[in-house]
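Q: Questions regarding the structure given below will be posed in turn.
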Amino acid sequence: MGEALGSDDRSPEESPRNHSLTANDLQPNVTTDHDHVVSPRLGIWSVGLIALFVVIVTIAGVAATAWQSGRSSYPSAEGLYMLMLTLTIVGIVFGLASGAIWIASWIRTAWIKYASRILVVVAAAMMLNALGTYDWLRNLSNMGGLCLAQCTIFLLLKVPAWSAGIGDHASRLSRRRQFQISDVILATACTAGLLTVVRHYSTPVSEAEYWIVTVAIWLLGPLMATCVNFAFLDSRRMRRWTLAAASVLMAIAGGTGLALAQEAVDATGVAFTEAAPFYLAFMFGYVISLSVVAFAGAFDQKLAKMRTRPPRLAS
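So, in structure tokens, the structure goes:
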């Protein structure tokens with residue numbers, strides 16, 4: 001009897017005394033912030049919504065160009081508002097470029113992803129030239145710096161990558177590394193080349209004013225993009241509203257801060273009240289276009305889940 005009670009016929013592997021919990025055993029019970037985030041989906045609806053937004057912006061841009069060239073009947077007293085519209089479209093171009101760089105994370109082949117992001121940078125610089133900022137070097141450096149800064153910040157803050165999957169599969173795909181060793185090497189080389197170019201660049205305004213605006217684009221832009229993206233992709237309502245408010249506050253702070261900086265360093269005596277509306281228009285366009293891209297990806301993912309959800313059985 002004592003031998004029967006004191007013995008255990010199970011093998012050491014089956015004995016609870018020899019069973020140790022591993023990280024994999026605990027993983028299903030661990031919930032991280034990323035588990036509440038859905039990945040944006042690249043599909044017909046997301047592409048269609050972004051394309052529709054681009055068409056609307058293009059029509060507005062053509063109308064603004066027509067007015068400025070005197071081919072419309074708008075009174076000349078509204079020139080200030082048309083200039084603000086132009087700056088809003090410039091902000092939209094920056095936001096769409098940011099969104100396109102983010103969408104390129106869907107591409108798995110490294111060299112195709114690099115090439116697509118380079119094409120985005122060049123295309124955005126071309127659009128800025130068409131909008132009147134005829135400065136190839138400045139536009140390319142601004143867009144190139146934005147691309148490098150955004151990829152780095154998105155990596156650090158774990159912004160999910162785009163995918164064509166649905167549900168949990170898409171969430172797993174979004175957690176893959178957006179930067180590999182080759183990405184870091186290429187980014188380092190591009191950063192060195194970018195700094196070399198801008199160091200020899202003759203700025204059209206004072207160097208202090210130029211670098212304040214440039215650094216704001218490179219740093220504040222990706223941070224606003226991060227807040228906007230998570231505001232649409234996070235499943236927690238309070239977190240969504242908090243991030244949305246943060247992105248708006250960052251846009252307002254960025255616009256007013258740039259206006260104050262220009263008033264302090266500009267030699268022509270531009271007042272804060274004169275510069276603030278234009279910087280705010282730029283920031284407004286930036287946030288609007290970022291919101292469209294993030295909403296399109298989240299909306300497409302939601303529709304895909306609804307289509308694949310099994311029907312409820314009638315009681």
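full-length UniProt numbering applies: residue 1 is where the sequence shown begins, and numbers increase by one.
Built from N, CA and C at the ideal position, the CB exists for glycine as well.
Which whole-angstrom value describes the C-beta separation of residue 92 and residue 297, a residue pair presumed to lie in contact below a C-beta threshold of 8 Å?
A: Position 92 of the sequence shown, counted from the start, is the residue given in the question as residue 92. Position 297 of the sequence shown, counted from the start, is the residue given in the question as residue 297. About 17 Å separates the two Cβ atoms, so there is no contact after all.
Q: Please name the residue, chosen from 117, 105, 90 and 275, that lies closest to residue 42 on a Cα-to-Cα basis.
A: The residue you call residue 42 lines up with position 42 of the sequence shown. The shortest Cα separation from residue 42 among 117, 105, 90 and 275 belongs to 105.
Q: What does DSSP give as the partner residue(s) for residue 163 in the beta ladder?
A: Residue numbering aside, residue 163 sits at position 163 when the sequence shown is read from its first letter. 41, per the DSSP bridge assignment.
Q: Only counting runs of 4 or more residues, tell me where the alpha helix (DSSP H) segments fall wholly within the segment 87-134, in order along the chain.
A: Counting whole runs of 4 or more residues, the segment 87-134 contains the alpha helix (DSSP H) stretches 110-130.
Q: Relative to the alpha-carbon of residue 151, which residue among 111, 98, 141 and 217 has its alpha-carbon at the smallest distance?
A: Taking the sequence shown and counting its residues from 1, one reaches residue 151 at position 151. The shortest C-alpha separation from residue 151 is found at 98.
Q: Looking only at DSSP bridge pairs, what is residue 234 linked to?
A: For the purposes of this step, residue 234 is taken as residue 234 along the sequence shown, with counting starting at 1. Per DSSP, 37.
Q: Take the Cβ of residue 102 as the centre, count every other Cβ of all protein chains shown within 10 Å, and call the residue buried at 16 or more, exposed below.
A: Sequence index remark: in the sequence shown, residue 102 carries index 102 (1-based). Label assigned to residue 102: buried.
Q: Between residue 147 and the rest of its own chain, which residues show a CB-CB distance below 7 Å, the 5 nearest in sequence each way excluded?
A: In the sequence shown, residue 147 corresponds to position 147, counting from 1. Within the same chain, residue 147 has close Cβ partners 101, 117 and 121.
Q: Ordered along the chain, which non-local residues of its own chain (more than five positions away) have a Cβ less than 7 Å from that of residue 276?
A: Along the sequence shown, read from residue 1 onward, the residue named residue 276 stands at position 276. Correct list, in chain order: 255, 256 and 259.
Q: Taking 8 Å as the cut-off, does the segment 48-63 touch the segment 80-94 (at least 3 CB pairs, one atom from each stretch)?
A: The segment 80-94, when compared against the segment 48-63, does touch it at the 8 Å Cβ threshold.
Q: Could you check the C-alpha separation between residue 162 and residue 281 for me, to the nearest Å?
A: Residue mapping note: residue 162 aligns to position 162 of the sequence shown, counting from 1. Residue mapping note: residue 281 aligns to position 281 of the sequence shown, counting from 1. Going by the C-alpha atoms only, they are around 29 Å apart.
Q: Closest by CA to residue 248, which one among 262, 237 and 227?
A: Your numbering for residue 248 matches position 248 in the sequence shown. Answer by Cα proximity: 227.
Q: Taking the CB atoms as reference points, tell me whether residue 48 and residue 289 lie closer together than 8 Å.
A: Walking along the sequence shown from the start, residue 48 turns up at place 48. Walking along the sequence shown from the start, residue 289 turns up at place 289. No, the Cβ-Cβ distance between residue 48 and residue 289 is not below 8 Å.
Q: Report yes if the CB atom of residue 317 is closer than 8 Å to the CB atom of residue 250, and no otherwise.
A: Lying before the first or after the last residue shown, residue 317 is absent from the chain, which here runs from 1 to 315.
Q: For residue 39, which of 192, 233 and 141 has the nearest alpha-carbon?
A: Locating residue 39 in the sequence shown gives position 39, counting from the first residue. Ranking the options by Cα distance to residue 39, first place goes to 233.
Q: What three-state label does DSSP hand residue 268 in the structure shown?
A: For the purposes of this step, residue 268 is taken as the residue at position 268 of the sequence shown. It is coil, neither helix nor strand.
Q: What residue from 46, 138, 144 and 263 has the CA that sits closest to residue 188's CA?
A: Position 188 of the sequence shown, counting from 1, holds the residue named residue 188. It is 144 whose Cα lies nearest to the Cα of residue 188.
Q: Round the Cβ separation of residue 229 and residue 294 to the nearest angstrom and send it over; I've been treating them as touching at under 8 Å.
A: Taking the first residue of the sequence shown as 1, we reach residue 229 at position 229. Taking the first residue of the sequence shown as 1, we reach residue 294 at position 294. Correct: roughly 5 Å between the Cβ atoms.
Q: In three-state DSSP terms, what is residue 158?
A: Position 158 of the sequence shown holds residue 158. Coil at residue 158, not helix or strand.
Q: Using CA coordinates, which residue listed in 225, 213 and 237 is at the minimum distance from residue 159?
A: Translated into the one-based positions of the sequence shown, residue 159 becomes position 159. Here the closest residue by C-alpha is 225.
Q: Leaving aside the five residues before and after residue 132 along the sequence, list all residues of the same chain whose C-beta is less than 6 Å from its C-beta, in chain order.
A: Counting from 1 along the sequence shown, the entry for residue 132 is found at position 132. Closer than 6 Å at the Cβ level, and outside the excluded window around residue 132, lies no residue.
Q: Quick check: the Cα distance between residue 244 and residue 154, rounded to an integer number of angstroms?
A: Within the sequence shown, the letter at position 244 stands for residue 244. Within the sequence shown, the letter at position 154 stands for residue 154. Each residue's alpha carbon lies about 17 Å from the other.
Q: Where residue 37 and residue 211 are concerned, what is the direct C-alpha to C-alpha distance, given to the nearest angstrom?
A: Here residue 37 refers to the residue found at position 37 of the sequence shown. Here residue 211 refers to the residue found at position 211 of the sequence shown. Near 35 Å, if we compare the C-alpha coordinates of residue 211 and residue 37.
Q: What residue range is occupied by the uninterrupted alpha helix (DSSP H) comprising residue 217?
A: Numbered from 1 along the sequence shown, position 217 holds the residue referred to as residue 217. From DSSP, residue 217 is part of no alpha helix (DSSP H); its letter is neither H nor E.
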